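Notes follow the structure.
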Amino acid sequence: MAETARKPHIEVKDLHIHYGEVPAVRGVSFDVAPGEQLTLLGPSGCGKTTTLRAIAGLEQPSAGDIRIAGAPVYSSASRVNIPAEKRGLSMVFQSYAIWPHMTVFENVAYGLRVRRESAAQIAEKVDRALDMVQMRPYRDRGASQLSGGQQQRVALARAFVFQPSVLLFDEPLSNLDAKLRADMRIELRELQHRLGITSVYVTHDLEEALAMSDRIIVMRDGLIEQIGSPFDIYNHPRNAFVADFVGSANLIRGWHRADLDEDGLIALEGPGGTVYGMAHGRPVGDALTFSVRTVHFSLSVQKPMSERNVWPVCVERSVFQGDFTQMNVAWGDQRLTIRGTMEPLPEGSDAWLTVDPKRVVLLEE
Amino acid sequence: MRIPRLSFSAPAIAGALVAVIAGLLVLYPVAYLLQAALNVGDPEARPPTEYGFENFAGLLNYPQIILNTLTVSVAAAAMALVFGFLMAWILTRANVPGRRFFEQAMVVPYYLTPLLGALAWSLLGTPESGFLNQVYRALGGSDYLININSAYGIAWVMALFEGSVAFVMIGAVMKSMDPALEEASQVMGASRWRTMLRVTLPLVLPGVLGAAVFVFAEMLGSFAAALVLGLPDRYYVVTTAIYQLTQQYPPKIPLAAAMGTSLFVVMFVTLFIYRRIITAGSYVTITGKAFRPRVNDVGRLRWLLLSVCVFYLVCSVVLPLLTLLYASIQKISTAFPAASNFTTEHFYKAFTMNAATTALGNSLWLGFWTATLGVTLMGLISWIIYRSRLPGSNIIEYIVMFPQSVPRLIFAFGMMWAWLIFPIPIYGTLWLLLIAYLTVFLPLGVRTISGVMLQIDKSLEECAQMCGAGWGYRIRTVTVPLLWPGLIAAWLLLFVASIRELGASILLMGPHSKVITPSIVESWFASSTELTAAMALIQTLVVAIAVSILLAVTRRATAHITD
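Just so you know, the protein sequences line up as chains C and A, in that order. Each residue of the first sequence is one higher than the last, beginning at 6 in this note's numbering. Each residue of the second sequence is one higher than the last, beginning at 22 in this note's numbering.
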């Protein structure tokens, strides 16, 4: 991986956080480059929100270091803990946290008033921020009269209006309905690029993470499972957890057939035949697990031309789901799931299953 | 750049300060109560010269008081439960006309106070001169119809005026029960009776049992009714006995302290049992989710049920108020009206007599400052307990809620004893009463404010913090404005509670710091019945005005929250 020449904007080192006796984060380290959009992805309870809140200063860690722009904001060793309001960060909350007793203008102006800017300056900056989120016409509305999407926009404007050095997002889109969420995702991404602010984004939604981020950190049980670009995380999951959590995958377990390895490919003897896949530099033992995304398989009535990774299978179930068709096939004594845009094959019919060896990824145990 | 240390932030300092104040207020008097209870040396010597448990052993010399207390408490709790259960069932589950009205009217007896109830029922039901007995004799009866000065008379008044908590608790259980549970039983083919017996009853039973234990504990600590109705016949329960022991000459302080300590230990254990029942016994009924209760069509029976409601309201509201009004406008109160007997002099006197106006003025002053200081202190405490996540905040919660399980009379006793030797001479002044009120109303205020605080999303404050606002700025611009309806409600509740306070005030007020409620009691025993009735009505009016403002404010506030 190429090293960035510039110093990282946020550095988190060996972070531990406990809730009473219960460890929520158990030793997490990562950096965020200036202007980078980093996403913490994971199931609920994995420690992603806790980590974000620790960066914000809303949660007190039990051990570790957090630096922002080189300066320590938390360090257990030198007993530093800068309160949240002095860290110069900003945050968009899951519940939007729009103050119901203020107007839209007052909500957005809050951070500027705290910084004692002049009234004229405040008015100008608030209007510009409201323009960016297309909320200028609602300037004098009471905040409680806004819809969810509008509240979201106000929360966003409020978060960046005072030019914080870092923007933190705590599942900001999870309370919106699916269609609005897809639109906001794109808007948020564009806005982030225009502002160029370093940001850390927390979500449990895979699509959101893939669409929004320069880099993704997948977390589980308070630990980091994998760090990488969206492409990397999706196509080269490190282990079974990441493969399964980031999209849907088939896991194929079997024995290494070193005698069949060729062309840089690893051969595995699986329940339904020999499978060729890529090791991506991961250690190759005797027992192996391959991951294949459900969309990377293809199913056909006629035998495909390729020589490797072609197997006869029997279609067990075939369900048309609109955007895609999901089919389950019997491959030896294992059942595989295939998704694609092909027409559904009749249940009980025979077919040929194939996958490009480059799409077959060796997992770490 | 100097790096701030981990813990010295503004909220931490404020938290420590408030914790120390709350701790002092609560624990200082309790410590002196215990000291007095364990004092077996010279009762005048302070600190005591000798410690021991003889005072507790001495309690066994008063078996009559223990028996009286148990008789009255059990009888009162039983009556309160029957009323509470009946009314709760009727008002949540039966299609009785005017249910909404009755449901709101159910809290009125509580605001009228047991003292007012006891005065009114004393006018109605003393064997010789009680109005009801006069009418009974005029109709040809001999002797008397009811004797309100008996154990059951006292229990009756307690049940009427302190029992509404049973209704509230049982009603809450019935409302939180998912009607689908009953409907499921009926869909499976069970009859309505079978459903009632096999589904409804087992589901509400833990709640009812909890209410029973809670109400019993309340009745153990009850004071006003037993004082007004029991004293004339020297019928003492534990609270009135403690009062008597401290007021007589020479006072028996160590014995009274031992009695008070024992009472609060018993109440503590009872409330502990209550909590166990509530947490362990309730099945799925209490989910915190409110359901629309299924209303049964009870047919003709509803007129009978309606008359039960009417009977309850007549006994606890209409009759007492009319009785006091009627007595207060007569020269000498009697059951039978006569034009020559009519007068307004008692009201005139109540408004001009120095003792009465000073007492009312003092009470208003105390009410104002208790409410104002209380809201500030208790708001801070609520914030520290539920928002700050400072270490030790749950200990503060325990300390602050402690006065709830101690009768106010006993708390005041500890306070009297504690502040008597305090270097700053506040004993016998209004300041002592102010401190006492702030202490005994801690649970009330903290619970009211934190109830609203917990409804406010925490991220609203955190967001202000992320915008760069410091602690004080945050509290001022976000927390307080959002909490405003809750703070006003708490202010008015504290004001009302102060104006009607008896148990603590009666021990702590001095000759130059009279307040209204104990003055009403004094007037009852020392001067005229009619004047007392007028004073009680005036006090009720003040409370009623405050309560109607309270209701208007909370209604506005809930409308604001739900839109």
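For glycine and all other residues, C-beta sits at the position ideal for the given N, C-alpha and C. None of these values were measured; they are calculated from a predicted model.
**OP:** Below 8 Å CB to CB, which residues in the same chain sit around C/Trp260 once its five sequence neighbours on both sides are set aside?
**Re:** Within the first sequence, the letter at position 255 stands for residue 260 of chain C. If we look at C/Trp260 and ignore the five residues flanking it on each side, its Cβ neighbours are Leu273, Glu274, Asp291, Ala292 and Leu293.
Original post:
Given that a residue counts as buried once 16 or more other Cβ atoms are within 10 Å of its Cβ, and exposed if not, what is A/Asn375?
Top reply: Position 354 of the second sequence, counting from 1, holds the residue named residue 375 of chain A. Counting Cβ neighbours within 10 Å, A/Asn375 comes out exposed, since fewer than 16 surround it.
**OP:** Determine the direct distance from the alpha carbon of C/Arg194 to that of A/Ile496, and round the result to whole angstroms.
**Re:** As a working note, residue 496 of chain A is residue 475 in the second sequence. As a working note, residue 194 of chain C is residue 189 in the first sequence. Approximately 34 Å between the Cα atoms of the pair.
Original post:
Looking only at C-alpha atoms, which of C/Val280, C/Phe329 and C/Arg190 sits nearest to C/Gln157?
Top reply: Here residue 157 of chain C refers to the residue found at position 152 when the first sequence is read from its first residue. Of the candidates C/Val280, C/Phe329 and C/Arg190, the one whose C-alpha sits nearest the C-alpha of C/Gln157 is C/Arg190.
**OP:** Less than 8 Å between the CB atoms is what I'm expecting for A/Leu430 and A/Ala525, so what's the real figure, rounded?
**Re:** By one-based count along the second sequence, residue 430 of chain A stands at place 409. By one-based count along the second sequence, residue 525 of chain A stands at place 504. Going by Cβ atoms, the distance from A/Leu430 to A/Ala525 rounds to 7 Å, so yes, they are a contact pair.
Subject >> Proximal residues to C/Leu117 (C-beta, below 8 Å), its chain only, five neighbours per side dropped >> reply: Position 112 of the first sequence, counted from the first residue, corresponds to residue 117 of chain C. Here the set comprises Gln126, Ile127, Lys130, Val131, Val166 and Phe167.
Original post:
Just curious, the alpha helix (DSSP H) that A/Phe123 is in, first and last residue?
Top reply: Your numbering for residue 123 of chain A matches position 102 in the second sequence. Arg120 to Ala126 is the extent of the alpha helix (DSSP H) around A/Phe123.
**OP:** Excluding the 5 residues preceding and the 5 following C/Pro66 in the sequence, name in chain order all residues of the same chain whose CB lies nearer than 8 Å to its CB.
**Re:** The residue labelled residue 66 of chain C in the question sits at position 61 within the first sequence. Correct list, in chain order: Leu20, His21, Ile22, Val30, Ala59, Tyr79 and Ser81.
**OP:** Would you mind working out which of C/Val297, C/Pro362 and C/Ile271 sits nearest C/Asn314, comparing C-alpha positions?
**Re:** By 1-based counting over the first sequence, the position of residue 314 of chain C is 309. If we check each option's Cα against that of C/Asn314, C/Pro362 comes out closest.
**OP:** Can you have a look at C/Val242 and say buried or exposed, based on whether 16 or more other CB atoms are within 10 angstroms of its CB?
**Re:** Counting from one through the first sequence, the residue named residue 242 of chain C turns up at place 237. Val is not the amino acid found at residue 242 of chain C; the sequence shown has Pro there. The residue is buried, with at least 16 neighbouring Cβ atoms inside 10 Å.
**OP:** Out of C/Phe246, C/Arg141, C/Phe295 and C/Val113, state which residue places its alpha-carbon closest to the alpha-carbon of C/His403.
**Re:** Outside the displayed span of chain C (6 to 370) sits residue 403 of chain C, for which this structure offers no information.
Original post:
Taking the C-alpha atoms as reference points, what is the distance between C/Asp210 and C/Tyr239?
Top reply: Translated into the one-based positions of the first sequence, residue 210 of chain C becomes position 205. Translated into the one-based positions of the first sequence, residue 239 of chain C becomes position 234. The straight-line gap from Cα to Cα measures roughly 13 Å.
**OP:** Please name the residues in the region 492-518 of chain A whose beta-carbon is closer than 9 Å to at least one beta-carbon of chain C, in chain order.
**Re:** Trp492, Tyr494, Arg495, Thr498, Val499, Pro502, Leu503 and Trp505
Original post:
Is C/Leu341 closer than 8 Å to C/Phe302 when the C-beta atoms are compared?
Top reply: Taking the first sequence and counting its residues from 1, one reaches residue 302 of chain C at position 297. Taking the first sequence and counting its residues from 1, one reaches residue 341 of chain C at position 336. Their beta carbons are under 8 Å apart, which means C/Phe302 touches C/Leu341 by this criterion.
Subject >> Per-residue DSSP class, three states only, for A/Gly210 >> reply: For the purposes of this step, residue 210 of chain A is identified with residue 189 of the second sequence, where counting begins at 1. Correct three-state label for A/Gly210: coil.
Subject >> Sub-8 Å separation of C/Thr299 and C/Ala254 beta-carbons >> reply: In the first sequence, counting from the first residue as 1, residue 299 of chain C sits at position 294. In the first sequence, counting from the first residue as 1, residue 254 of chain C sits at position 249. For C/Thr299 and C/Ala254, yes; Cβs fall inside 8 Å.
Subject >> Reference C/Gln150; option with closest CA among C/Trp104, C/Ile73, C/Gly25 and C/Met347 >> reply: The sequence position of residue 150 of chain C within the first sequence is 145, counting from 1. Taking only the C-alpha atoms, the option nearest C/Gln150 is C/Trp104.
Original post:
alpha helix (DSSP H) containing A/Thr373: first to last residue?
Top reply: Taking the first residue of the second sequence as position 1, residue 373 of chain A is located at position 352. Counting along the chain, the alpha helix (DSSP H) containing A/Thr373 begins and ends at Glu366 to Thr373.
**OP:** Look up C/Gln197 in the DSSP assignment and say whether it is helix, strand or coil.
**Re:** As a first step, residue 197 of chain C must be located in the first sequence, where it is residue number 192. C/Gln197 falls in the helix class under three-state DSSP.
Subject >> Between the CA atoms of A/Leu224 and A/Tyr304 - distance to the nearest angstrom >> reply: Numbered from its first residue, the second sequence carries residue 304 of chain A at position 283. Numbered from its first residue, the second sequence carries residue 224 of chain A at position 203. Residue confidence is low: A/Tyr304 scores 49 on pLDDT, short of 50, so the model does not pin down where it sits. Its coordinate-derived value is still stated next. About 7 Å.
Original post:
From this set, A/Leu202, A/Met209 and A/Ala109, which residue's C-alpha is nearest A/Val220's C-alpha?
Top reply: Counting from one through the second sequence, the residue named residue 220 of chain A turns up at place 199. Of the listed residues, the one whose Cα sits closest to A/Val220 is A/Leu202.
Original post:
Would you say C/Arg163 and C/Val113 are within 8 Å of each other, going by their C-beta atoms?
Top reply: Within the first sequence, the letter at position 158 stands for residue 163 of chain C. Within the first sequence, the letter at position 108 stands for residue 113 of chain C. Yes, the Cβ-Cβ distance between C/Arg163 and C/Val113 is below 8 Å.
Original post:
To the nearest whole angstrom, what separates the beta carbons of A/Ala247 and A/Ile175, a pair I think is in contact under 8 Å?
Top reply: Taking the first residue of the second sequence as 1, we reach residue 247 of chain A at position 226. Taking the first residue of the second sequence as 1, we reach residue 175 of chain A at position 154. With a Cβ gap of about 5 Å, A/Ala247 and A/Ile175 count as contacting.
Original post:
Anyone know if the C-beta pair for A/Gly435 and A/Pro64 falls short of 8 Å?
Top reply: Mapped onto the second sequence, residue 435 of chain A falls at position 414. Mapped onto the second sequence, residue 64 of chain A falls at position 43. No, these two residues do not count as a Cβ contact at 8 Å.
Subject >> C/Leu178 vs C/Glu213 beta-carbon contact at 8 Å >> reply: For the purposes of this step, residue 178 of chain C is identified with residue 173 of the first sequence, where counting begins at 1. For the purposes of this step, residue 213 of chain C is identified with residue 208 of the first sequence, where counting begins at 1. Yes.
Original post:
What do you reckon, are the CB atoms on C/Thr346 and C/Ser311 nearer than 8 Å?
Top reply: The count along the first sequence starts at 1 and reaches residue 346 of chain C at position 341. The count along the first sequence starts at 1 and reaches residue 311 of chain C at position 306. Not closer than 8 Å, so no.
Original post:
Which residues of chain A have a Cβ atom closer than 7 Å to the Cβ of C/Gly116, listed in chain order?
Top reply: What you label residue 116 of chain C is simply residue 111 of the first sequence in a count that begins at 1. Under the 7 Å cutoff, chain A gives Cys488 and Gly489.
Subject >> CB contact below 8 Å: A/Ala37 versus chain C >> reply: Within the second sequence, the letter at position 16 stands for residue 37 of chain A. Under the Cβ distance rule, A/Ala37 does not count among the residues neighbouring chain C, no pair being separated by less than 8 Å.
Original post:
So C/Leu228 and C/Gly25 are in contact, right, with Cβ under 8 Å, and what is the actual spacing, rounded?
Top reply: Counting from one through the first sequence, the residue named residue 228 of chain C turns up at place 223. Counting from one through the first sequence, the residue named residue 25 of chain C turns up at place 20. That pair is no contact at about 19 Å.
Original post:
How do the region 145-163 of chain A and the region 266-283 of chain A stand: do at least 3 beta-carbon pairs fall below 8 Å, yes or no?
Top reply: no
Original post:
In chain order, what residues of the same chain lie with their CB nearer than 7 Å to the CB of A/Ala371, ignoring the 5 residues before and after it?
Top reply: The residue you call residue 371 of chain A lines up with position 350 of the second sequence. Contacts found: Ala377, Leu552, Ala555, Met556 and Ile559.
Original post:
What residues in the region 471-488 of chain A have a beta carbon less than 8 Å from any beta carbon of chain C?
Top reply: Considering only beta carbons, the part of the region 471-488 of chain A lying closer than 8 Å to chain C consists of Asp478, Ser480, Leu481, Glu483, Cys484, Ala485, Gln486, Met487 and Cys488, in chain order.
**OP:** Take every Cβ of the region 378-388 of chain A, pair it with every Cβ of the region 531-550 of chain A, and state whether three or more of those distances are shorter than 8 Å.
**Re:** yes
**OP:** Could you work out which residue in C/Glu352, C/Asp266, C/Leu161 and C/Glu64 is closest to C/Gln197 when comparing CA atoms only?
**Re:** The residue you call residue 197 of chain C lines up with position 192 of the first sequence. With distances taken between Cα atoms, C/Gln197 lies closest to C/Leu161.
Original post:
With which residues is A/Ser480 paired in a DSSP beta bridge?
Top reply: Taking the first residue of the second sequence as 1, we reach residue 480 of chain A at position 459. Within the DSSP bridge table, the entry for A/Ser480 names no partner.
Original post:
So, does the CB of C/Leu63 fall closer than 8 Å to a CB anywhere in chain A?
Top reply: Locating residue 63 of chain C in the first sequence gives position 58, where the first residue counts as 1. For C/Leu63, the answer is yes, since a Cβ of chain A falls inside 8 Å of its Cβ.
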